[in-house]
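K.L.:
Residue numbers (my numbering): 30 to 951. Note that CB positions come from ideal geometry on N, CA and C, so glycine has one too. Questions regarding the structure given below will be posed in turn.
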Amino acid sequence: MEKTYQPSAIETHWYETWESNGYFAPSGEGEPYCIMIPPPNVTGSLHMGHGFQESIMDALIRYHRMKGRNTLWQVGTDHAGIATQMVVERLLDADGKSRHDLGREKFIEKVWEWKEESGGNITRQLRRLGASPDWSRERFTMDEGLSKAVQEAFVRLHDDGLIYRGKRLVNWDPKLHTAISDLEVISEEKKGHLWHFRYPLADGSGHLTVATTRPETMLGDTAVAVHPDDERYQHLIGKNIKLPLTDREIPVIADDYVEMEFGTGCVKITPAHDFNDYEMGQRHQLPMINIFNDDAEINTNAPEKYQGMDRFVARKQVVADLEELGLLEKIDDHNLKVPYGDRSGVVIEPYLTNQWYVKTQPLADEAIKSVEQGDINFVPKQYENMYFSWMRDIQDWCISRQLWWGHRIPAWYDDAGNVYVGRSEQDVREKYSLAAELTLKQDDDVLDTWFSSGLWTFGTLGWPEQNDFLKTFHPSSVLVTGFDIIFFWVARMIMLTLYFKKEVPFHTVYVHGLVRDSHGQKMSKSKGNVLDPIDLIDGIDLETLVEKRTSGMQVPQLKTKIEKMTRKDFPEGIAAYGTDALRYTYYSLASTGRDINFDVGRIEGFRNFCNKLWNASNYVLMNTENEDCGQDGSQNFQLSLADRWIISRLQEAEKAVSEGMNTYRLDLASQALYDFIWKDYCDWYLELTKPVLWDDNASADIKKGTRRTLIRVLETILRLAHPMMPYITEEIWQRVKPLAAAEGDSIMLAPYPVADESKIDTQACADIEWVKGFIIGVRNIRGEMNIAPSKQLSVMLKNGEENDKRCSSEYSHFLKKLAQLDEVRWLNEGEKEPLSATALVGDLEILVPMAGLIDKDAEIARLKKESEKLEKETSRLQGKLGNAKFVDNAPAEVVEKEKTKLADAQNALGKIAEQIQKISEI
RNA sequence: AGGACCAUAGCUCAGUUGGUUAGAGCGCUACCUUGACAUGGUAGAGGUCCCCGGUUCAAAUCCGGGUGGUCCUACCA
Numbered sequence: 030m031e032k033t034y035q036p037s038a039i040e041t042h043w044y045e046t047w048e049s050n051g052y053f054a055p056s057g058e059g060e061p062y063c064i065m066i067p068p069p070n071v072t073g074s075l076h077m078g079h080g081f082q083e084s085i086m087d088a089l090i091r092y093h094r095m096k097g098r099n100t101l102w103q104v105g106t107d108h109a110g111i112a113t114q115m116v117v118e119r120l121l122d123a124d125g126k127s128r129h130d131l132g133r134e135k136f137i138e139k140v141w142e143w144k145e146e147s148g149g150n151i152t153r154q155l156r157r158l159g160a161s162p163d164w165s166r167e168r169f170t171m172d173e174g175l176s177k178a179v180q181e182a183f184v185r186l187h188d189d190g191l192i193y194r195g196k197r198l199v200n201w202d203p204k205l206h207t208a209i210s211d212l213e214v215i216s217e218e219k220k221g222h223l224w225h226f227r228y229p230l231a232d233g234s235g236h237l238t239v240a241t242t243r244p245e246t247m248l249g250d251t252a253v254a255v256h257p258d259d260e261r262y263q264h265l266i267g268k269n270i271k272l273p274l275t276d277r278e279i280p281v282i283a284d285d286y287v288e289m290e291f292g293t294g295c296v297k298i299t300p301a302h303d304f305n306d307y308e309m310g311q312r313h314q315l316p317m318i319n320i321f322n323d324d325a326e327i328n329t330n331a332p333e334k335y336q337g338m339d340r341f342v343a344r345k346q347v348v349a350d351l352e353e354l355g356l357l358e359k360i361d362d363h364n365l366k367v368p369y370g371d372r373s374g375v376v377i378e379p380y381l382t383n384q385w386y387v388k389t390q391p392l393a394d395e396a397i398k399s400v401e402q403g404d405i406n407f408v409p410k411q412y413e414n415m416y417f418s419w420m421r422d423i424q425d426w427c428i429s430r431q432l433w434w435g436h437r438i439p440a441w442y443d444d445a446g447n448v449y450v451g452r453s454e455q456d457v458r459e460k461y462s463l464a465a466e467l468t469l470k471q472d473d474d475v476l477d478t479w480f481s482s483g484l485w486t487f488g489t490l491g492w493p494e495q496n497d498f499l500k501t502f503h504p505s506s507v508l509v510t511g512f513d514i515i516f517f518w519v520a521r522m523i524m525l526t527l528y529f530k531k532e533v534p535f536h537t538v539y540v541h542g543l544v545r546d547s548h549g550q551k552m553s554k555s556k557g558n559v560l561d562p563i564d565l566i567d568g569i570d571l572e573t574l575v576e577k578r579t580s581g582m583q584v585p586q587l588k589t590k591i592e593k594m595t596r597k598d599f600p601e602g603i604a605a606y607g608t609d610a611l612r613y614t615y616y617s618l619a620s621t622g623r624d625i626n627f628d629v630g631r632i633e634g635f636r637n638f639c640n641k642l643w644n645a646s647n648y649v650l651m652n653t654e655n656e657d658c659g660q661d662g663s664q665n666f667q668l669s670l671a672d673r674w675i676i677s678r679l680q681e682a683e684k685a686v687s688e689g690m691n692t693y694r695l696d697l698a699s700q701a702l703y704d705f706i707w708k709d710y711c712d713w714y715l716e717l718t719k720p721v722l723w724d725d726n727a728s729a730d731i732k733k734g735t736r737r738t739l740i741r742v743l744e745t746i747l748r749l750a751h752p753m754m755p756y757i758t759e760e761i762w763q764r765v766k767p768l769a770a771a772e773g774d775s776i777m778l779a780p781y782p783v784a785d786e787s788k789i790d791t792q793a794c795a796d797i798e799w800v801k802g803f804i805i806g807v808r809n810i811r812g813e814m815n816i817a818p819s820k821q822l823s824v825m826l827k828n829g830e831e832n833d834k835r836c837s838s839e840y841s842h843f844l845k846k847l848a849q850l851d852e853v854r855w856l857n858e859g860e861k862e863p864l865s866a867t868a869l870v871g872d873l874e875i876l877v878p879m880a881g882l883i884d885k886d887a888e889i890a891r892l893k894k895e896s897e898k899l900e901k902e903t904s905r906l907q908g909k910l911g912n913a914k915f916v917d918n919a920p921a922e923v924v925e926k927e928k929t930k931l932a933d934a935q936n937a938l939g940k941i942a943e944q945i946q947k948i949s950e951i
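This is the structure in structure tokens:
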């Protein structure tokens with residue numbers, strides 16, 4: 030093995046080996062286990078959130094694969110309608126062209142070209158993470174198979190009466206010229222104004238005052254509403270308003286939607302441009318006057334003066350004109366929520382258009398039931414409430430988008446505007462018995478990307494065709510996803526899957542948190558705090574990082590700020606930590622669904638952990654290669670105390686890690702493994718093998734037992750760790766396996782360790798605790814007394830019980846080596862005890878003679894510190910045990926435990942007091 | 001406005017059905033290049049478990065109220 034751990038030297042090599050050998054594909058044997066990847070955006074690149082999510086999935090997949098399950102990790106990408114179309118349009122724009130210059134067909138060709146070029150980016154990055162999906166089954170939502178599923182789903186839903194077309198208010202993006210769903214609208218609090226306008230009554234008897242945040246929409250007002258109980262306006266109900274700036278008259282109506290206390294209590298009603306007004310318009314059969322075009326400019330329904338004006342220009346103009354007419358009463362400051370398109374960033378306009386909808390209520394009812402009944406479980410559980418509350422208040426889903434990139438809606442129109450839905454134009458003609466000469470034109474719109482993603486779990490497996498894969502792997506086992514996508518995707522997947530497959534898409538939804546920066550800030554390009562997982566793996570120097578974070582920044586101040594922050598946070602750039610360390614960091618932070626603040630300090634710690642494992646393995650190999658470690662199956666070996674103890678601890682570690690994996694507590698699993706490897710195996714066990722292996726007098730059998738245990742425990746550790754740190758474990762395992770009599774071509778196909786309760790050796794554990802207590806006692810004296818670690822000491826023992834006598838004699842070789850002692854002996858009967866520093870192990874007193882070694886005051890100070898601690902402890906326990914209520918009410922074993930603690934503490938305290946006395950007397 | 005989640009060491013986080021001397025990593029202090037490892041070892045320091053009540057023999061843990069933070073949902077034009 031290389032002397033030092035260098036992740037870059039091993040990672041790509043092993044990945045290529047695994048992939049080219051087809052190890053990622055399902056084995057075809059065992060109980061199926063399946064995870065469907067939440068398809069990343071094909072235009073995208075890997076961010077920390079992906080890294081986190083994919084690492085979790087890979088750990089679960091590798092774990093279950095090693096446990097012998099027939100494991101499928103279905104991989105693929107999403108065509109991301111709007112995002113992808115925008116990227117390609119931007120490219121065209123650089124050449125001064127628009128998609129309309131190219132025309133639909135040519136444009137789509139361009140998109141495909143671009144996808145071929147850049148679409149591999151994210152899958153390449155996935156590979157760098159060590160992800161082990163079945164690449165041979167990679168799918169793309171625009172592929173033929175998925176497209177067929179989408180078409181089939183649309184036609185069936187339509188024929189079943191669950192898809193309809195209607196003219197309604199939608200969220201319109203005036204920049205992208207498409208409808209978007211509620212979920213794609215981000216509302217942000219903005220400072221705005223509340224304009225108060227006087228609307229004159231038509232009969233000349235005066236006016237009323239309305240308040241609005243959107244003056245320009247008054248051009249489309251078709252009523253003014255007041256509350257039916259509002260005494261101020263009773264007399265106005267039923268009268269007409271002469272709508273200023275127009276030649277229209279509109280009625281004053283009564284509706285209890287109006288809040289009397291807000292504004293003036295009079296609301297202008299614009300049914301074509303506001304969701305609430307739309308509903309009120311429906312209730313009162315008000316006309317709807319659309320005053321905008323697709324660009325949100327004033328159209329010809331408005332007075333000529335305003336036609337062609339942008340909405341914000343029109344706003345100013347309307348206000349100015351009303352002011353000139355003396356109708357502007359006042360302008361108040363007002364905070365309001367403004368809807369923005371999450372892709373385009375422009376203000377979204379409620380806009381009347383023809384769109385396709387899915388009737389969601391019947392689907393939602395089933396979807397709710399499946400979670401209520403426990404057919405689907407959320408982890409953590411509280412996300413079920415979020416899911417229910419959304420599902421119970423669900424709106425029909427607008428699924429048409431006015432884009433070119435996506436699944437084109439399988440609907441055709443004749444010249445009279447009749448709609449026919451079918452699998453193709455031919456199919457439509459047959460299905461509806463249409464004359465051959467009737468001209469049909471396909472709908473121009475495409476489907477919402479989430480419509481296709483909703484079919485992901487079964488569409489990727491070949492549906493609507495029935496095949497073995499679909500039968501074997503659907504429903505999938507677990508969906509790993511972020512909570513931000515529960516509505517977008519999870520909910521819709523559940524609805525559509527239940528409808529088409531009559532079964533759930535997955536049994537468990539494991540919801541993880543968001544990855545934030547170390548200060549808890551959301552990572553975003555504009556904040557300049559994004560970390561690229563690949564940079565954490567490969568490292569990046571400061572200048573490149575600054576350049577990367579600030580490139581394309583338009584605002585110079587922002588650029589300066591980001592640069593400053595980056596230089597402060599990463600003065601040395603970022604070191605190359607390797608994939609295994611990055612993955613381990615993710616796991617360590619993956620607790621109960623809460624957000625994680627990613628701190629580079631953590632990853633450094635885990636890089637060190639990898640290094641530790643590497644060096645420990647190096648030690649083990651040095652001592653086992655070309656040696657008899659029982660790899661031939663021979664039984665002539667003997668286990669030392671340390672061997673029996675580490676084997677015992679290994680069982681507990683195996684149990685803890687598996688429990689963590691099974692309950693989606695990867696943080697607990699990784700912690701248990703970390704502690705076992707570093708604290709038990711490296712800190713203690715490896716040290717305890719040295720007195721055996723380096724002892725010329727030790728028997729061949731016991732040396733063999735130690736070597737055998739060294740190598741076999743290491744081999745097990747590697748398998749235990751493999752799902753979390755795939756590369757380093759494979760690299761080492763290949764060297765270790767022959768010595769441990771393990772078989773197989775790759776660790777990823779080796780069996781996962783299972784705890785064997787019968788190997789838990791409580792006696793060995795108790796004895797090791799004794800040995801550790803002894804050693805730590807001596808080390809403590811050394812540390813606090815400033816005795817050089819290299820200085821060999823002679824210690825004497827007194828006051829011990831039988832067990833202390835046994836342990837001190839059986840394990841003296843361990844004590845001598847690890848505590849650097851050249852002699853350990855019991856005080857003889859009647860022998861005068863030399864002045865000593867003392868350590869206690871239960872009743873046993875360890876005496877370290879002070880002559881020439883120890884500063885008297887230092888020893889007194891040390892003992893006093895110890896005795897203060899014990900005094901606090903005793904008084905606490907005495908208080909507790911002196912309380913009759915505690916003694917009477919607490920379970921006997923709890924009381925007993927406290928009593929023992931008190932006795933031990935008092936005993937120790939007495940001995941220390943005695944010692945302080947002795948030393949002080951000199 | 002309603003709801004969810006969170007608040008534990010300087011920082012990032014664990015802490016199970018109430019009973020631990022409240023833990024880890026990083027950082028900090030002292031000592032140490034001893035034959036796997038200085039990406040290391042040994043020994044330490046460091047906590048009003050956000051605040052106030054309550055339940056209980058016993059609360060970081062359960063309940064109520066507050067404060068602060070994050071997020072979601074719905075919004076009054």
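1. Determine the direct distance from the alpha carbon of Ile-327 to that of Val-104, and round the result to whole angstroms.
2. May I ask which residues mark the beginning and end of the alpha helix (DSSP H) holding Glu-576?
3. What's the C-alpha gap between Leu-131 and Leu-120?
4. On the DSSP letters alone, give me the boundaries of the alpha helix (DSSP H) that His-108 sits inside.
5. Taking the alpha-carbon positions, what's the Met-754 to Leu-101 distance?
6. Tell me the rounded alpha-carbon separation between Gly-511 and Glu-413.
7. Using DSSP's beta-bridge definition, name the partner residues of Pro-229.
8. Can Pro-782 and Leu-668 be called in contact, C-beta distance under 9 Å?
9. Would you mind stating whether Ile-397 and Thr-537 have Cβ atoms separated by less than 9 Å?
10. Compare the Cα-Cα distances from Pro-368 to each of Arg-421, Arg-243, Tyr-442, Asp-362 and report the closest residue.
11. Whose C-alpha, out of Val-239, Thr-329, Leu-223, is nearest the C-alpha of Pro-229?
12. Measure the beta-carbon distance from Phe-407 to Val-540 and round it to whole angstroms, keeping in mind my assumption that it falls under 8 Å.
13. Does DSSP put Lys-219 in a helix, a strand or coil?
14. Report buried or exposed for Asp-796, applying the criterion of at least 16 other Cβ atoms within 10 angstroms of its Cβ.
15. Consult DSSP for Glu-897 and reduce its assignment to one of helix, strand or coil.
16. Which term fits Pro-504, buried or exposed, when burial requires 16 or more other beta carbons within 10 angstroms of its beta carbon?
17. Mind checking which residues open and close the alpha helix (DSSP H) that includes Leu-618?
18. Looking at the unbroken beta strand (DSSP E) that takes in Ser-787, where does it start and where does it end?
19. Would you mind sorting Lys-144 into buried or exposed? The rule is 16 or more other CB atoms within 10 Å of its CB.
20. Give the list of continuous beta strand (DSSP E) stretches no shorter than 3 residues that lie fully inside the region 500-550.
21. How far does the alpha helix (DSSP H) with Arg-854 in it extend, from its first residue to its last?
22. Please confirm whether Ile-428 and Trp-385 have their CB atoms less than 9 Å apart.
23. Mind checking who Tyr-193 pairs with in its DSSP beta bridge?
24. With Val-870 and Phe-803 assumed to form a contact (beta carbons below 8 Å), what rounded beta-carbon distance in angstroms separates them?
25. Would you mind reading off the limits of the alpha helix (DSSP H) that contains Phe-136?
26. Between the alpha carbons of Ile-603 and Gly-542, how many angstroms are there, rounded?
27. Checking 9 Å against the spacing of the C-beta atoms, do Thr-246 and Asp-303 come in under that value?
28. Based on Cα-Cα distance, which residue from Ile-137, Ser-399, Val-924 lies nearest to Gly-911?
29. For the candidate residues Gly-812, Met-86, Asn-637, Gln-411, whose alpha-carbon lies nearest to that of Ala-887?
30. Which residue wins for smallest C-alpha separation from Lys-719, given the options Ala-283, Gln-849, Tyr-92?
31. With a 10 Å radius around its C-beta and 16 neighbouring C-beta atoms as the bar for buried, classify Trp-723 as buried or exposed.
32. With a 10 Å radius around its C-beta and 16 neighbouring C-beta atoms as the bar for buried, classify Ala-208 as buried or exposed.
P.N.:
So, from the listed chains and residues:
1. 47 Å
2. 571-579
3. 13 Å
4. His-108 -> no alpha helix (DSSP H), and no H or E assigned at all.
5. 20 Å
6. 13 Å
7. His-236.
8. Against a cut-off of 9 Å, the Cβ pair of Leu-668 and Pro-782 comes out as no contact.
9. no
10. Arg-243
11. It is Val-239 whose Cα lies nearest to the Cα of Pro-229.
12. Right, their Cβ atoms sit about 6 Å apart.
13. strand
14. buried
15. DSSP places Glu-897 in helix when its eight states are reduced to three.
16. By the neighbour-count definition (other C-beta atoms within 10 Å, threshold 16), Pro-504 is a buried residue.
17. Note, Leu-618: alpha helix (DSSP H), 608-618.
18. Careful: Ser-787 lies outside any beta strand (DSSP E) and carries neither H nor E.
19. buried
20. Within the region 500-550, the complete beta strand (DSSP E) runs of at least 3 residues are 505-511, 535-541.
21. No alpha helix (DSSP H) contains Arg-854, which is instead part of the beta strand (DSSP E) from 850-855.
22. yes
23. In DSSP, Tyr-193 forms a bridge with Tyr-386.
24. 5 Å
25. For Phe-136, the enclosing alpha helix (DSSP H) begins and ends at 133-147.
26. 24 Å
27. The criterion of a C-beta distance shorter than 9 Å is satisfied by Thr-246 and Asp-303.
28. Val-924
29. Per the Cα distances, Gly-812.
30. Minimum Cα-Cα distance from Lys-719 among the listed residues Ala-283, Gln-849, Tyr-92 corresponds to Gln-849.
31. The residue in question, Trp-723, is exposed, as its Cβ has fewer than 16 Cβ neighbours within 10 Å.
32. Counting of Cβ neighbours within 10 angstroms places Ala-208 among the buried residues, the total reaching 16 or more.
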